[in-house]
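This report refers to the structure that appears directly beneath it.
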Amino acid sequence: MPAVETKDLVKKYGKTTALEGLDFTVNEKEIMVLLGPNGSGKTTLLLILATVLKPTSGLAKVMNLDVVTQPTKVRQILGISFQEARGFWRHKPPEILRFHATICGVPKSKRESLIEEVLKDIELWDARKKLFMHLSGGQAKRLEVAKILIQRPPFAIFDEPSSQVDLRGKRTIWEHIQKLREEGSTILIATNEVREAEYLADRVTVLDQGKNIVSDTVRSLKDKIAGGDVVELQVEASDTDLLESLEKLAGTVKVATAGENQFRAYVSMAESWVPKMTDLCYKKNLRVVSVRVTEPSLDDVFLHFTGRALEATPSVG
Amino acid sequence: MEWLLFGLQLAVYGSLISTLVTGITDYLQFYAVGFVVMMTFDIGSHTGRHFVEHAHEGRLPYLLSLPIPRRTLFLAITLQGGVELALLLSVPLFVTLLLIGNLTAISAAAALATLFWLGFGVAGLMLALSFIAFRSADVYAAITAAVSALIIRFSTVLYPLIFLPPQYAGAALLSPLTYGADLVRLFLGFDPSLLLDPLFAAAILTALAVSTLGLGTVLLQRLVEGVKSG
């Protein structure tokens with residue numbers, strides 16, 4: 245039985261459809277990452293599962309509890325770390341965590357030691373005497389994550405958990421999320437950061453325009469990209485025919501422009517494709533500035549399944 | 295701060311104006327009650343606006359995600375507003391009752407109950423206007439400020455209805471403060487001939503509180519549901 249299940253889930257905001265018949269599952273004790281651009285419906289889905297929003301139609305269950313008919317029971321087993329850290333502006337981090345811990349039923353005997361432990365773990369101990377409104381964006385975001393680390397719910401939701409956080413802070417947050425899963429929590433994360441998804445995900449669901457495009461492990465998703473190799477190429481001068489010529493080379497699956505005089509080619513057998521490409525450039529009298537062979541990223545996965553780049557996708561609501 | 299403002303307003307402006315107003319025995323007492331009613335309006339409207347801001351800025355979704363039933367949450371928020379109102383009004387009301395010479399438990403309780411009812415009605419009114427905030431917070435702030443000014447200006451907070459020119463008196467009957475102020479004054483022993491019928495005033499206040507709070511809650515819930523998110 246999946247820990248989270250949605251069937252034909254629809255959410256409309258007036259005339260805008262945020263979720264369009266979404267079918268989706270999260271298995272118990274796994275980290276599922278929802279990957280999609282802004283406006284793809286990620287936050288809407290999270291808010292429905294957290295019972296903050298009601299779906300327009302369809303079914304959504306958390307640990308076999310219906311989010312519409314059993315919302316209080318659902319809230320008792322989940323915790324959500326919001327995308328925007330909105331706090332009690334005139335309160336300090338320990339006070340905010342104490343309130344959260346009290347409401348979520350953390351025993352009084354453990355509360356203070358747990359708050360201290362989590363504040364130290366998440367590197368907020370030095371900021372414990374600051375009012376929320378004086379915290380930096382990164383500190384406020386870490387405090388938002390800390391709420392869940394205090395609560396340790398069976399089902400934890402994180403909406404862009406490391407946005408606005410510096411690199412070291414990101415790594416700390418990711419490690420704590422993994423630890424939470426090791427302790428038995430099921431975790432759902434929404435992000436548009438590919439690195440975060442690659443680091444954390446057991447499985448990834450690609451969400452686009454309110455639809456589940458594909459769900460699988462990172463490895464399987466990458467394997468689904470035809471060709472298997474990605475060649476990033478930069479030439480010195482522009483050539484209007486180069487894209488077309490590259491597409492005609494044997495072994496080319498797809499070529500996309502990746503900037504001025506830059507291309508991203510999805511190819512089979514990069515080791516035989518690259519010499520053909522350099523030969524082509526030589527014949528066109530084009531100097532090759534750089535060539536880099538990589539494996540596909542989740543950006544490529546998104547591009548492959550939606551036809552659009554993750555970062556360039558427009559917001560639809 | 296509110297208490298200091300009340301003290302200064304009463305000591306300076308209230309004393310001066312009471313020397314100019316004739317026709318009302320000891321206008322300072324009348325003015326003191328009026329100022330307490332205005333404070334109630336300010337606190338009620340602030341509570342309502344504050345709640346809307348929470349919804350608009352994102353604290354409400356956090357509260358809605360906590361493992362407590364919705365009814366308990368809204369009751370807690372209402373109680374918090376009530377306690378704030380009682381605390382902020384305690385000293386001004388005490389001073390006013392002393393000034394009037396009617397410091398009894400019954401008069402204090404009746405006046406406070408009326409002020410509470412008025413406060414809930416005003417908070418509900420601000421909630422009912424919340425749909426504007428979801429389109430523009432600035433427009434909401436401007437409209438609520440304008441509505442507040444009109445409601446205070448066209449009311450019997452500072453002068454009895456029978457003293458007002460006909461064009462003002464008609465408008466004053468539309469202000470909830472008129473009914474709150476007159477009912478409080480009745481409980482505090484002011485001349486009933488200067489005041490509205492107490493049953494009518496109580497009915498209007500009740501209708502206001504129930505309808506605006508009900509409408510506000512429904513509207514707010516629908517608007518929170520309808521807020522676009524990523």
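Which chain is which? The protein sequence lines are A and B, in order. The first sequence begins at 245 in my numbering and counts up one residue at a time. The second sequence begins at 295 in my numbering and counts up one residue at a time. Beta carbons: idealized from backbone N, C-alpha and C, even for Gly.
With respect to chain A, the C-beta atom of Ser309 of chain B has no partner C-beta closer than 7 Å. For chain A, the residues of the region 341-368 of chain B that bring a beta carbon within less than 7 Å of one of its beta carbons are Glu351, Gly352, Arg353, Pro355, Tyr356, Leu358, Ser359, Leu360, Pro361, Ile362 and Pro363, in chain order. For Ala380 of chain B, the CB contacts under 8 Å within the same chain, skipping 5 residues up- and downstream, are Leu406 and Phe410 in chain order. Judged by DSSP secondary structure, Arg536 of chain A falls within the beta strand (DSSP E) whose first and last residues are Val532 to Thr538. When DSSP reads this structure, Thr269 of chain A sits in a beta bridge with A:Glu249.
Closer than 7 Å to the CB of Ala294 of chain A there is at least one CB belonging to chain B. Under the DSSP assignment, Arg447 of chain B falls in the alpha helix (DSSP H) whose first and last residues are Ala431 to Arg447.
The region 309-359 of chain A is shown to contain whole alpha helix (DSSP H) runs of 4 or more residues at 315-321 and 337-347, in chain order. About 26 Å separates the Cβ atoms of Ser442 of chain B and Ser309 of chain B, ruling out a contact at the 8 Å cut-off. Within the same chain, and ignoring the five residues on either side of Met333 of chain B in sequence, the residues whose Cβ sits closer than 8 Å to its Cβ are Glu296, Phe300, Leu382, Leu383 and Pro386.
Ser407 of chain A carries a coil assignment under DSSP once its states are collapsed to helix, strand and coil. Contact check between the region 522-537 of chain A and the region 481-497 of chain A: three or more CB pairs, one atom from each, fall below 8 Å, which counts as touching. In the DSSP assignment, the residues bridged to Asp473 of chain A are A:Val511. A residue is called buried once 16 or more other Cβ atoms fall within 10 Å of its Cβ, and Ser284 of chain A is buried on that count.
Listed by position along chain B, the residues whose Cβ is nearer than 9 Å to that of Cys348 of chain A are Leu360 and Pro361.
Against chain B, a Cβ distance below 7 Å from Ile324 of chain A picks out Ser359. Burial is judged here by how many other beta carbons sit within 10 angstroms of a residue's own beta carbon; Lys259 of chain A has fewer than 16 and is exposed. Here Gln323 of chain B has Leu393 and Ile394 as same chain residues with Cβ atoms under 7 Å from its own Cβ, once five neighbours each way along the sequence are excluded. For Arg447 of chain A, no alpha helix (DSSP H) run applies; the uninterrupted beta strand (DSSP E) run containing it begins and ends at Arg447 to Asp452, by DSSP. Every alpha helix (DSSP H) of 4 residues or more that sits fully in the region 445-524 of chain B is shown, in chain order, as 460-466, 470-481 and 492-520. Residue-level contact check: Gln320 of chain A touches chain B, since one or more beta carbons of chain B fall below 7 Å from its beta carbon. Of all residues in the region 254-278 of chain A, the ones placed with a Cβ closer than 8 Å to any Cβ belonging to chain B are Tyr257, Gly258, Thr260 and Ala262, in chain order. In the DSSP assignment, Val377 of chain B falls within the unbroken alpha helix (DSSP H) covering Arg364 to Ile394. Looking at the backbone, the Cα of Thr550 of chain A and that of Glu367 of chain A are separated by about 38 Å. Annotated three-state conformation of Glu488 of chain A is helix, per DSSP. Residue environment: Gln461 of chain B is assigned as exposed (fewer than 16 neighbouring CB atoms within 10 Å of its CB, all protein chains considered). Take the alpha-carbon of Gly510 of chain B and the one of Asp403 of chain A: they are about 29 Å apart. Within chain B, the residues Gly352 have their CB atoms less than 7 Å from the CB of Glu328 of chain A, given in chain order. The region 343-361 of chain A makes contact with the region 351-368 of chain B: 3 or more CB pairs, one atom from each, lie closer than 8 Å. Counting other Cβ atoms within 10 Å of its Cβ, Thr430 of chain A reaches 16 or more and is therefore classed as buried.
By the C-beta criterion, the region 532-546 of chain A is judged to be in contact with the region 462-474 of chain A, since at least 3 inter-stretch pairs fall below 8 Å. Assignment of beta-bridge partners to Asn505 of chain A by DSSP yields no partner. Collapsing the DSSP output to three states places Ile366 of chain A in coil.
For Thr316 of chain A, a Cβ of chain B is located within less than 7 Å of the residue's own Cβ.
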